[in-house]
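In the working numbering, the protein residues as written are 2 to 242.
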């Protein structure tokens with residue numbers, strides 16, 4: 002799931018590539034999106050790459066491969082002979098509804114301990130805009146002994162930014178809800194300036210907060226103490242084989 006800004010920028014890239022055969026520059030994206038600073042475009046591009054919607058060669062200008070449409074469907078480049086005049090505008094495109102997430106193997110857990118249902122709130126890039134997710138109708142069964150006495154929710158990992166911490170694409174993470182965390186904890190952090198949340202390792206500096214990925218492909222991001230809101234701390238992980 003993308004934020005509106007990320008979705009709009011991705012569609013600008015797709016339309017530009019299909020119209021011209023090359024990716025737009027940051028300056029062109031700034032102009033088309035009505036932004037004054039390239040730093041905002043840089044953040045959006047990094048988020049799109051982290052979520053697996055684009056791939057970039059960072060030592061080459063305009064080297065962007067489109068991997069997925071905003072609705073998550075695989076992207077297939079148009080042939081040069083295709084007619085692009087009928088491509089829909091950004092405002093006309095709606096995400097394809099996705100089926101409710103089911104976890105048959107989790108539902109078949111057999112244990113001597115009791116099982117409790119944890120709300121599954123959606124996907125997060127390891128962000129997805131947690132604040133925009135209000136549908137907690139999906140749940141997953143979790144053995145009670147895996148959890149403490151706090152309040153929990155679950156998220157499905159999308160991306161590879163935390164693989165060196167053993168958190169893989171498709172894993173389900175169990176998060177203890179709370180607005181505080183210890184230095185070094187892996188947390189769900191809501192970023193005010195991007196209106197999104199992400200799963201990263203928290204590092205507190207003297208007057209700033211660093212959110213560290215666990216993958217050398219991605220950069221650590223630094224924020225002011227008022228720009229980051231902790232939404233929960235990673236407590237457990239479930240992986241299906």
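Cβ atoms here follow ideal geometry from the backbone N, Cα and C, with glycine treated the same way. The structure presented is a predicted model; accordingly, all values stated were derived computationally and were not measured.
- Between the beta-carbon of residue 234 and that of residue 159 there is about 19 Å, and that puts the pair past the 8 Å contact cut.
- For the 7 Å CB-CB criterion, residue 57 and residue 50 form a contact.
- A Cβ-Cβ separation of about 7 Å places residue 122 in contact with residue 155 under the 8 Å criterion.
- Relative to the Cα of residue 24, the nearest Cα in the group 64, 197, 236, 190 belongs to 64.
- In the structure shown, residue 20 adopts helical secondary structure according to DSSP, grouped into three states.
- With a 10 Å radius around the Cβ and a threshold of 16 neighbouring Cβ atoms, residue 223 comes out exposed.
- Classified as exposed, residue 240 has fewer than 16 neighbouring CB atoms from the shown chains inside 10 Å of its CB.
- Rounded to whole angstroms, the gap between the alpha carbons of residue 170 and residue 218 is 15 Å.
- About 5 Å separates the Cβ atoms of residue 174 and residue 238, confirming a contact at the 8 Å cut-off.
- Secondary-structure assignment with DSSP links residue 153 through a beta bridge to 177.
- Residue burial is scored here from C-beta neighbours: residue 150 has fewer than 16 other C-beta atoms within 10 angstroms and is therefore classed as exposed.
- When the Cα atoms are used, residue 54 and residue 30 turn out to be separated by approximately 17 Å.
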